[in-house]
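As structure tokens, the structure follows; a few thoughts come after it.
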Amino acid sequence: GTPIQNKLDDLFSLLHFLQVEPFCEYNWWNQVIMKPIRTRDEKGFARLQTILQTILLRRTKTQRINNTPIVTLPPRIMKVRKIPFMKEEEDFYKALWNNAKTKFNKYVEVGTVLRNYAHILELLLRLRQACDHPNLVVASRSKNAKDVHKILEKYLKECPVPGDLTEKLQEITERCNVSDIECLICLETIDTPMMTPCGHLFCKECIEREFVNSTSTDTKCPFCSYPAGKKNLIPLPSAPPIATNLDGSDNNWSTSSKIEALLQELVALWREDASVKSIVFSQWTSMLDLIENPLRELGIQFVRLDGSMSQANREVAVQSFNNDPMVKVFLISMKAGGLGLNLVSASTVFLLDPWWNPATEQQAIDRVHRLGQKRPVVVTRFIISGTIEERILELQDKKRRLVQGALGRHSKELRKIRLDELRLLFRD
Numbered sequence: 001g002t003p004i005q006n007k008l009d010d011l012f013s014l015l016h017f018l019q020v021e022p023f024c025e026y027n028w029w030n031q032v033i034m035k036p037i038r039t040r041d042e043k044g045f046a047r048l049q050t051i052l053q054t055i056l057l058r059r060t061k062t063q064r065i066n067n068t069p070i071v072t073l074p075p076r077i078m079k080v081r082k083i084p085f086m087k088e089e090e091d092f093y094k095a096l097w098n099n100a101k102t103k104f105n106k107y108v109e110v111g112t113v114l115r116n117y118a119h120i121l122e123l124l125l126r127l128r129q130a131c132d133h134p135n136l137v138v139a140s141r142s143k144n145a146k147d148v149h150k151i152l153e154k155y156l157k158e159c160p161v162p163g164d165l166t167e168k169l170q171e172i173t174e175r176c177n178v179s180d181i182e183c184l185i186c187l188e189t190i191d192t193p194m195m196t197p198c199g200h201l202f203c204k205e206c207i208e209r210e211f212v213n214s215t216s217t218d219t220k221c222p223f224c225s226y227p228a229g230k231k232n233l234i235p236l237p238s239a240p241p242i243a244t245n246l247d248g249s250d251n252n253w254s255t256s257s258k259i260e261a262l263l264q265e266l267v268a269l270w271r272e273d274a275s276v277k278s279i280v281f282s283q284w285t286s287m288l289d290l291i292e293n294p295l296r297e298l299g300i301q302f303v304r305l306d307g308s309m310s311q312a313n314r315e316v317a318v319q320s321f322n323n324d325p326m327v328k329v330f331l332i333s334m335k336a337g338g339l340g341l342n343l344v345s346a347s348t349v350f351l352l353d354p355w356w357n358p359a360t361e362q363q364a365i366d367r368v369h370r371l372g373q374k375r376p377v378v379v380t381r382f383i384i385s386g387t388i389e390e391r392i393l394e395l396q397d398k399k400r401r402l403v404q405g406a407l408g409r410h411s412k413e414l415r416k417i418r419l420d421e422l423r424l425l426f427r428d
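See below:
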């Protein structure tokens, strides 16, 4: 699994669940582990490694027993394809970048970065979406916004909150499509959005788990510590997909640099070997929507899996991909399909957009590179040159070192400061 999503503190919930005394009590965990790590005292990391070595079994594909690999798999080839923007996309991205950087610099100047953390994540989200396709940023979601307002009005009548918070809630629903905001716990795009009374947004699963793991009798928002509770969470509607015609006759469809690069890769693959099957991962279902029409135009049969599908429909899609030789492509949303699937019938993987946590990408790749795979697996990551995506790759490297420090034998990586990460992302 992924015991560390974004910070070492993520490990506490596992120790709390396992009742590892005395580290299952947060005050002790914080005092003995987290505080030393924050002050760059290597004793904190040493203690953490000692705890994990007693309770954790960790197996990697590269491990050997008596000089024999514990698992024998075909090679996995990792590629990064750097793509330049088309002129129109570049102009659009630069406008977004200049606006986002100006706002971030202002927050830094007045010392309010962490207070505006959710808004900064939103700015970063728009930049990342623009790297895939401008439509992901500009697609109209007016119906969804109206639904949000209705829910908000009903909530404020039934559960009055202070005026400044009421204003904040209104601002959030005015500002953007709620379903495209990232969860403040897992940093992934929210598929089932829940809003706390203080206006912070989380995945339903993340916030409910946070309340279950809380050691306090008075549950609070994990981001700002405002009093909250499960009964006070506000469920918000998920966004509808970008409209596309199932018959492939969507006249408003336009391409993007990434879509063109993907199509080039797919066509080249099948010219070389028509039996090859491919997985295409994106974290945004709206990007998958935009890929469908060009696949139809090329006569490429595909299936799809995303979070809106029932378990029965997901199983049908998986069976169709694995068993029908005419189905060549599987479009999968990373969050819905990154775990629990066996897709060894494919041998190529395309990652359309980088995730904050490299372990999430690794688990997605392992749907294909696993026991039962007979072919070499080729993984291609699409990165737009000179954009936020290149910075995310740097951040992923830092996260890998963080995990290595906690689970491995190295304890030099003691820096995990979110402000530093944000400065890296907004660097010129």
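Using UniProt numbering, you'd call the opening residue of the sequence shown number 1 and step up by one each time. Even glycine gets a Cβ: it sits at the ideal position worked out from N, Cα and C. Small disclaimer: the values here were computed from a predicted structure and weren't measured.
{"Item": "Any 3 or more C-beta pairs closer than 8 angstroms across the segment 282–302 and the segment 332–347", "Value": "yes"}
{"Item": "Helix, strand or coil at residue 428 according to DSSP, with G and I counted as helix", "Value": "coil"}
{"Item": "Status (buried if at least 16 other CB within 10 Å, exposed otherwise) for residue 420", "Value": "exposed"}
{"Item": "Test item: CB-CB of residue 185 and residue 210 under 8 angstroms", "Value": "yes"}
{"Item": "Identity of the residues DSSP links to residue 334 by a beta bridge", "Value": "None; residue 334 has no bridge partner."}
{"Item": "Residue 88 versus residue 310 - alpha carbon distance", "Value": "38 angstroms"}
{"Item": "Distance, residue 57 Cα to residue 128 Cα", "Value": "36 angstroms"}
{"Item": "Exposure label - residue 371; buried when at least 16 CB within 10 Å", "Value": "exposed"}
{"Item": "Cβ neighbours of residue 379 in the same chain (closer than 6 angstroms, five flanking residues each side left out)", "Value": "78, 349, 365"}
{"Item": "Cross-strand partners of residue 301 (DSSP beta bridge)", "Value": "327"}
{"Item": "Spatial neighbours of residue 426 in its chain, beta-carbon cut-off 7 angstroms, leaving aside the 5 residues before and after", "Value": "101, 104"}
{"Item": "Own chain residues within Cβ distance below 8 angstroms of residue 389, not counting five before or after", "Value": "128, 131, 353, 354, 383"}
{"Item": "Inter-stretch contact (C-beta, 8 angstroms, three-pair minimum) for the segment 223–233 and the segment 319–329", "Value": "no"}
{"Item": "Anticipated Cβ contact below 8 angstroms, residue 377 with residue 347, distance rounded", "Value": "6 angstroms"}
{"Item": "Minimum Cβ-Cβ distance from residue 397 to chain B less than 8 angstroms", "Value": "Annotation note: the requested chain B is absent from the structure, which comprises a single protein chain."}
{"Item": "Euclidean distance between Cα positions of residue 391 and residue 80", "Value": "14 angstroms"}
{"Item": "Cβ pair residue 119, residue 259 closer than 8 angstroms", "Value": "no"}
{"Item": "Residue 289, DSSP secondary structure in three states", "Value": "helix"}
{"Item": "DSSP bridge partner residues for residue 64 (one or two, in chain order)", "Value": "69"}
{"Item": "Beta-carbon spacing of residue 318, residue 341 below 8 angstroms", "Value": "yes"}
{"Item": "Neighbour-count burial assignment, residue 40, 16 or more Cβ in a 10 Å radius", "Value": "exposed"}
{"Item": "Cβ-based burial, residue 60 [other Cβ within 10 Å; buried from 16]", "Value": "exposed"}
{"Item": "Pairwise C-alpha distance: residue 74 and residue 368", "Value": "11 angstroms"}
{"Item": "Selected residue, minimal CA-CA separation from residue 308, among 28, 288, 232, 255", "Value": "288"}
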